[in-house]
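Heads up: the structure comes next, in structure tokens.
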Amino acid sequence: MSATVTTALYTPGAVDEAAFARFVAKTEASYRRSVAKHNARGKGLYLGWTDADCVEAARAYCGCYRHQFRVLVLVDPVTRAPVAAVG
């Protein structure tokens with residue numbers, strides 16, 4: 469099996485913390501909306517959850533996807549050494 473262009477030219481780098489923090493904040497807001505909706509109805513999965521529960525659940529969920537926020541680093545396909553950015 470041969471390498472694709474993407475795997476031959478790039479390697480995963482560090483996590484983009486700003487993008488990951490936005491994802492966590494968006495997920496926390498989503499949980500809070502769900503809690504408000506379920507509390508208004510008086511039934512449901514999120515009934516009685518607090519803000520702390522929302523934060524904990526969002527961070528646990530988002531932690532599973534942290535690797536998706538890694539920045540790709542351009543590498544030399546032969547030596548696999550990072551290539552210095554031009555410009």
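If you read the sequence shown in the numbering used here, its first letter stands for residue 469, the second for the next number, and so on. Built from N, CA and C at the ideal position, the CB exists for glycine as well.
In the three-state reduction of the DSSP assignment, R538 falls in the strand class, which pools E and B. For A489, the enclosing alpha helix (DSSP H) stretches over residues E485 to R509. Looking at the backbone, the Cα of K494 and that of P480 are separated by about 24 Å.
Distance from the Cα of E496 is smallest, within the candidate group K505, C522 and V541, for C522.
For A489, the number of other beta carbons within 10 angstroms of its own is below 16, and it is reported as exposed. Relative to W517, the option among G531, V543, S502 and F491 whose CA is nearest is S502. Residue range D519 to G531 is occupied by the alpha helix (DSSP H) that includes G531.
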